[in-house]
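**Student:**
Protein chains: 2
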Amino acid sequence: MNQLELMRALSMPGETKLVLMVLDGLGGLPGPDGLTELEAAKTPNFDALAKRATTGLSLPARPGITPGSGPGHVALFGYDPMEWEIGRGVLEALGIDFDLGPNDVAARGNFATVDAEGNITDRRAGRIPTEEGARLVERLKQIELPGVETFVKVVKEYRFVLVLRGEGLADGLTETDPQQTGVPPLPVEATRPEAERTAELIEQWLAEARKMLSDEEKANSMNLRGIAKVPPIPKMPDLYKMKLGAIATYPMYRGIGRLVGMDVLSTGDTIESEIETLREHWKAHDFFFFHVKKTDSYGEDGNFDGKVHVIEEADAALPAILDLNPDVLVVTGDHSTPWSIKAHSWHELPTMLWSRHIRPDQVEAYGERACMLGGLGHIRHYDLLPLMMAHGERLNKFGA
Amino acid sequence: MNQLELMRALSMPGETKLVLMVLDGLGGLPGPDGLTELEAAKTPNFDALAKRATTGLSLPARPGITPGSGPGHVALFGYDPMEWEIGRGVLEALGIDFDLGPNDVAARGNFATVDAEGNITDRRAGRIPTEEGARLVERLKQIELPGVETFVKVVKEYRFVLVLRGEGLADGLTETDPQQTGVPPLPVEATRPEAERTAELIEQWLAEARKMLSDEEKANSMNLRGIAKVPPIPKMPDLYKMKLGAIATYPMYRGIGRLVGMDVLSTGDTIESEIETLREHWKAHDFFFFHVKKTDSYGEDGNFDGKVHVIEEADAALPAILDLNPDVLVVTGDHSTPWSIKAHSWHELPTMLWSRHIRPDQVEAYGERACMLGGLGHIRHYDLLPLMMAHGERLNKFGA
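So the sequence lines, in the order shown, correspond to chains A and B.
So for the first sequence, the numbering used here puts the first residue at 605; every next one is plus one.
So for the second sequence, the numbering used here puts the first residue at 605; every next one is plus one.
1) Whose CA, out of B/Phe908, B/Asp900, B/Ile851, B/Trp809, lies closest to the CA of B/Glu880?
2) By Cβ distance below 7 Å, which residues in the same chain neighbour B/Gly971 in space, the five residues on each side in sequence not counted?
3) Pick from A/His948, A/Gly668, A/His995, A/His939: whose alpha carbon is nearest that of A/Val678?
4) Given this structure, state the Cα-to-Cα distance separating B/Thr734 from B/Val759, to the nearest angstrom.
5) Does B/Leu999 get closer than 8 Å to chain A when you measure Cβ to Cβ?
6) A/Pro675 lies in the alpha helix (DSSP H); which residues open and close that run?
7) Taking C-beta pairs closer than 7 Å, name the residues in chain A that B/His961 reaches, listed in chain order.
8) Rounded to the nearest angstrom, what separates A/Val932 and A/Gln966 at their Cα positions?
9) Does chain A have any CB closer than 8 Å to the CB of B/Gln808?
10) In angstroms, rounded to a whole number, what distance separates the CA positions of B/Pro806 and B/Gln783?
11) Looking only at C-alpha atoms, which of B/Val896, B/Glu761, B/Ala697, B/Leu744 sits nearest to B/Leu817?
12) What are the complete alpha helix (DSSP H) segments, minimum 4 residues, inside the segment 774-801 of chain B?
13) Are the beta-carbon atoms of A/Gly629 and A/Asp900 separated by less than 8 Å?
14) Closer than 7 Å, Cβ to Cβ, to anything on chain A: give me those residues from the segment 679-706 of chain B, in chain order.
15) With DSSP collapsed to three states, give me the class of B/Met611.
16) List, in chain order, every chain A residue whose beta-carbon is nearer than 8 Å to that of B/Met846.
17) Starting from A/Glu880, trace the alpha helix (DSSP H) both ways and give me its first and last residue.
18) Give me the Cβ distance between A/Gly691 and A/Gly786, rounded to the nearest whole Å; I'm assuming they're in contact under 8 Å.
19) Span of the alpha helix (DSSP H) holding B/Ala947?
20) On the DSSP letters alone, give me the boundaries of the beta strand (DSSP E) that A/Arg829 sits inside.
21) If we ignore side chains and look at the alpha-carbon of each, how far apart do B/Val556 and B/Met846 end up?
22) Quick one, which of A/Ala994, A/Gly1003, A/Ala1004, A/Glu742 has its alpha-carbon nearest A/Pro617's?
23) Is it true that the CB of B/Thr780 sits closer than 8 Å to the CB of B/Asn827?
24) For B/Lys897 and B/Gly693, I'd like the C-alpha separation in whole angstroms.
25) Going by other Cβ atoms of all chains shown within 10 Å of its Cβ, with 16 needed for buried, is A/Glu742 buried or exposed?
26) Compare the C-beta of B/Ile983 with all C-beta atoms of chain A and state if any pair is closer than 8 Å.
27) Helix or strand or just coil, what does DSSP make of A/His995?
28) Is there at least one Cβ from chain A nearer than 8 Å to B/Leu610's Cβ?
29) Strictly under 8 Å for the Cβ-Cβ distance: is A/Met816 near chain B by that measure?
30) If you run the structure through DSSP and keep just helix, strand and coil, what is B/Ala665?
31) Tell me the rounded alpha-carbon separation between B/Arg973 and A/Ala652.
32) Would the beta-carbon of A/Leu773 fall within 8 Å of that of A/Thr754?
33) Within a Cβ cutoff of 6 Å, which residues of the same chain sit near B/Gly699, ignoring the five residues on either side of it in sequence?
34) For chain A, find out if any of its Cβ atoms is closer than 8 Å to the Cβ of B/Met856; answer yes or no.
35) Can you pull the chain B neighbours of A/Arg727, defined as C-beta to C-beta under 9 Å?
36) Which one of B/Leu680, B/Pro664, B/Pro942, B/Pro636 has the shortest CA to CA distance from B/Val623?
This is how it looks when you write it as structure tokens:
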């Protein structure tokens, strides 16, 4: 029995409250004083929790593998991320709060510049401003395809999303981006027979779109990447017999939550507003995914102090969560974004699990080095959810 | 996606230099003073590296499983050793620098003594000296088989290698050694239809060989073991987009390197000459497999002090490697060969990983006990190569 079947078979309803607090890109590497971002941050509340919790290092995907935001989160939600891949187009659509359905095929679009011969001269169309992208998207909305609905949405600068909606659409399609200049975009090709009609429709859309924009100075062409459908991922309410709420300030994370069957709970832009949302919905849900975004953003910027500051903000919010008296609380990150790498990385995540049933360890602070010696040892992200369920008294015994 | 597919998909070329230093049979067990061979050795350079590195214990195969040299090494090269088995005949051929091709079937031969009834009286033919084995091999070279080339090569004492080369040969063959005396050798039998012709050819060779040697006093018969082809193992340059060099003083390790697509770099008999080879080829390769043999040999002899001495020699060579300024350096062993067991064992390997991107741990010495508390925790040999790739900035992100 694989893990999801096991969860479906053993999970049972309950009254307990489970909170998964995810500091995006939390994991770090030593800074100027030899301490990581988390080690350098003043986190009296996290440290006090570490004393009472059991801790460890959690691996998002596989040793050495750097996950994107999709894999990092589905793993935290209990899915093997190598098995449940979410396409780039789907993530991009989720990132603008587009509500993707099961009959939708979504692609990430990049406006590009081509020369008179049709060879790409700039894969990002001179990084046109977002309002310029919005104007182009309005033009592209006029394109109609036979038998399917199309949606074109601006994302940011040269990026847009294309969604085709209709019966019988399939993914399994190649990308058009040749990843270099001086050559034309590649055709969209089906990698399996079911996708042939979809490939033709997208090629037709691309032909019309390029013709339509041929008078543009910069964005006179485009590439499509990560053309994908929403994976047929089993939904968390069925698997875990819980009502789940997603609290996140950025649309992509709300979207991933929605994808796995969470209710998206409306919130503001700050950790304080997220806490307020948590309070409001505390009674109505069993499980809360509580996402803090800016740790990752500062990590990507290489801003050590900025990341430290967000960690301290999250630490300051912890007492309000504890005041709600959760039965199970996990604090972790989806992946590492060390300030020194300025990008996602493969490093494990310092992780704390607290409930009244945990086995305490000797770790007394929340940090990468401290958690190396924790009672959870080295675990996989997708094992955290079964552990939360067990500690929340929501899993039946296996076998007699 | 399995690990090799993942590596093929995510690996990218780079400028970084990766060094894998393997002390054969490194892992040990406590000696007279309660310290293992590695703990007892004076290793100021390894210890200094341990302070800067992240450390752990690495498992060659599975818990409790003692690997041969083949599995121990293929695991270090990133292959699951339970999936990619290298036959004994293949290893024996590699061990005498025989360049096996894809149409070759190789067997390890053992000269044996049989009585007038054909029952084995000595499975090792009285351990005849090597020159005697060489004389017999010269006789056996006269045997010809229809449609295939044959090679017979002396290895050492009563051991030889038989290689059949030709189209359509297959492995999947039983061994002739009954592992006891008083009974005749077993016939070679095909365990799958494709191998039937090969079984017949080998049986024909054995019949002629036994007839030819029937006048010999001791070595009047022989057994064949581990009859195998080179496995269709994906090559490391394709998987990892690196140019790899193997530096080893013993042919078997060069052979395993060649098998997985490494360039074998000519070297001498000493660690110093291996360092010299590393220096010479530093610019031309991305990855170096640097093998130190004698730790294992002394372990097999039960010679505690001898093994300690080789570890100290390897320690003395470390600064020369560091002077080359590698981007990633791993120090480990292929398997344990504790002096007290006098053989390979199943114990994990003390392992250090250094790069500018590692997460430091609190371990300050290189030894079995120290590494138990290391930041890598307990890992598998075959996860070391993905970790080296990640730390060498040679893996793309997985998923968006």
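Even for Gly, the Cβ is constructed at its ideal location relative to N, Cα and C.
The structure presented is a predicted model; accordingly, all values stated were derived computationally and were not measured.
**Tutor:** In terms of the structure at hand:
1) B/Ile851
2) Thr640, Leu642, Glu643, Pro954
3) A/His939
4) 8 Å
5) yes
6) 673-680
7) Leu633, Ile945
8) 19 Å
9) no
10) The residue asked about is misnamed: residue 806 of chain B is Ile in this sequence, not Pro. Rounded to whole angstroms, B/Ile806 to B/Gln783 spans 19 Å at the Cα level.
11) B/Leu744
12) none
13) yes
14) none
15) helix
16) The contacting residues do not exist; B/Met846 stays about 14 Å from chain A at best.
17) 875-885
18) Incorrect: roughly 27 Å between the Cβ atoms, too far for contact.
19) Run containing B/Ala947: none; DSSP gives neither H nor E here.
20) 825-833
21) There is no way to answer for residue 556 of chain B, as the model of chain B reaches only from 605 to 1004.
22) A/Ala994
23) yes
24) 21 Å
25) exposed
26) yes
27) helix
28) yes
29) no
30) coil
31) 30 Å
32) no
33) Pro855, Met856
34) no
35) Per Cβ cutoff of 9 Å: no residues; A/Arg727 is ~17 Å from chain B at best.
36) B/Leu680
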